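Reading through the structure tokens given below for one structure.
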Amino acid sequence: MDQLCHPAGRQRTGERLLAAHPADQTSRRTMSVNMNLLLINIGNTRTQVGTFRDDKIHNPESICHSAPERDLEHLLSESFAEVSNKANVMVLISSVNSRAKQNVTQLLRRIEAGPVVVMEEDLSVPVGRQLDPETIVGTDRLLNAAAAFGHLSQACVVVDAGTAITVDYVDGQGTFHGGAIGPGAKTMLQSMHQHAEQLPDVEFKKPDEPIGHNTAQAMLSAVFYGIRGMVRELVEQYAEHAGAYPVVVATGGDADVLFKDYELVEHIVPELTMLGMVQAIKTQMKSDD
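Written out as structure tokens, the structure is:
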């Protein structure tokens, strides 16, 4: 789940830190020849756009939903141009924001990009699910789970730190069990500012030290260490419930600030949702062979 953002920001996301699992290499080699994808990950407040070609994700960038429409159209056009001259081009969309998805699909028609495949509408996410009946789960959570397990092949916890924070458990057979959802860092700070007259509007960053010597630093300390503590407690509860300690993978706009150099988190993967989209289409192609 993506983070709250200012209207201006187009942001290049970080490099992939999670290597492909060795068992996945054969299928990747045999299926990579005709895979040319425009990947669009629509979150709560941002849209991430990138391409998949030559068996690799290229140039993932994100832009706020509040940015001018022409900026989003330019980003989509730029990205589509990277694959438009190649064979077998396909557009994959993951969305948790229906209004933003409608805007994106209109822009895709305008730039004549297609065919368009929407995750969980046109193509199911290849992950088992153990959830209550009729439960609706964010597509990004399913894709993150599929990507993490697909590359690790072992039980894992996926932390997505954005507008909301999700801490989800995937068992050793690759089944998604759900998890926990809480407010993200920027959501916490914004809520405090809106509901407490004397609390300022604070931009999220790592606090200078744990003890805040002014109001802004005190707010940052509570949010930063509070989220870390929440994630650690949840991981420990999941481990106790499962009887084994899982690998922890983090993604989302605030993952690097929150979890860089944090021993609990073994992998930070900014494009994890996109990796799940690629895995979904590869799984479909394998089943069609």
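Numbering (our numbering), first residue to last: 13 to 301. Beta carbons are placed, not taken as given, at the ideal position from N, Cα and C, and that holds for glycine. Treat the numbers as computed from the prediction; the structure is a model and nothing was measured.
Proximity of residue i and residue j at Cβ, strictly below 8 Å
| i | j | result |
| --- | --- | --- |
| N48 | V95 | yes |
| T178 | R153 | yes |
| A173 | L270 | yes |
| G194 | M242 | yes |
| Y250 | Y181 | yes |
| T187 | V116 | no |
| G184 | A160 | no |
| V137 | L164 | no |
| E81 | R122 | no |
| T175 | G196 | yes |
| L246 | M231 | no |
| P219 | F236 | yes |
Alpha-carbon to alpha-carbon, residue j and residue i
| i | j | result |
| --- | --- | --- |
| H205 | D213 | 5 Å |
| K298 | V139 | 15 Å |
| A234 | L276 | 19 Å |
| L87 | S74 | 9 Å |
| T42 | L104 | Low per-residue confidence applies at T42: pLDDT is 36, beneath 50, and the placement is therefore not dependable enough to give any value. |
| L120 | G150 | 23 Å |
| V281 | T263 | 5 Å |
| S78 | N56 | 11 Å |
| I223 | K198 | 19 Å |
| A20 | P145 | Reliability fails at A20, whose pLDDT of 46 lies under 50, so the model's placement of it is uncertain and the value that follows must be treated cautiously. Their Cα atoms are separated by approximately 41 Å. |
| A157 | L51 | 17 Å |
| T63 | L284 | 13 Å |
| M102 | V129 | 7 Å |
| E209 | E133 | 44 Å |
| S44 | T147 | Reliability of the predicted coordinates at S44 is poor, the pLDDT of 47 falling under 50, and no value is obtained from them. |
| V261 | H279 | 5 Å |
| M289 | V169 | 19 Å |
| L135 | D83 | 28 Å |
Residue(s) in a DSSP beta bridge with residue i
| i | result |
| --- | --- |
| R121 | Per DSSP, none; premise fails for R121. |
| I193 | T178 |
| Q60 | N53, S74 |
| G140 | T187 |
| M9 | Because the chain spans 13 through 301 in this model, residue 9 falls outside it and cannot be assessed. |
| V128 | V103 |
| A254 | Paired residues: none, contrary to the question. |
| V261 | V170, H279 |
Assigned exposure category for residue i - 16 Cβ within 10 Å defines buried
| i | result |
| --- | --- |
| G238 | exposed |
| S107 | buried |
| H70 | exposed |
| H207 | exposed |
| A35 | Interpretation of A35 is limited by its pLDDT of 33, a score under 50 that renders its predicted location unreliable; the figure taken from the coordinates is listed afterwards. Label assigned to A35: exposed. |
| A99 | exposed |
| D66 | exposed |
| L143 | exposed |
| D266 | buried |
| P308 | Any question about residue 308 goes unanswered here, given that the chain covers just 13 to 301. |
Contact with chain C by residue i, beta-carbon distance below 8 Å
| i | result |
| --- | --- |
| E85 | Any reference to chain C falls outside this structure, which holds one protein chain only. |
- Task: Report yes or no: do three or more beta-carbon pairs, one from the segment 252-267 and one from the segment 76-93, lie closer than 8 Å?
- Result: no
- Message: For the structure I just gave you, are there three or more beta carbon pairs, one from the segment 288-297 and one from the segment 196-203, closer than 8 Å?
- Response: The answer is no - the segment 196-203 does not touch the segment 288-297, with fewer than three Cβ pairs under 8 Å.
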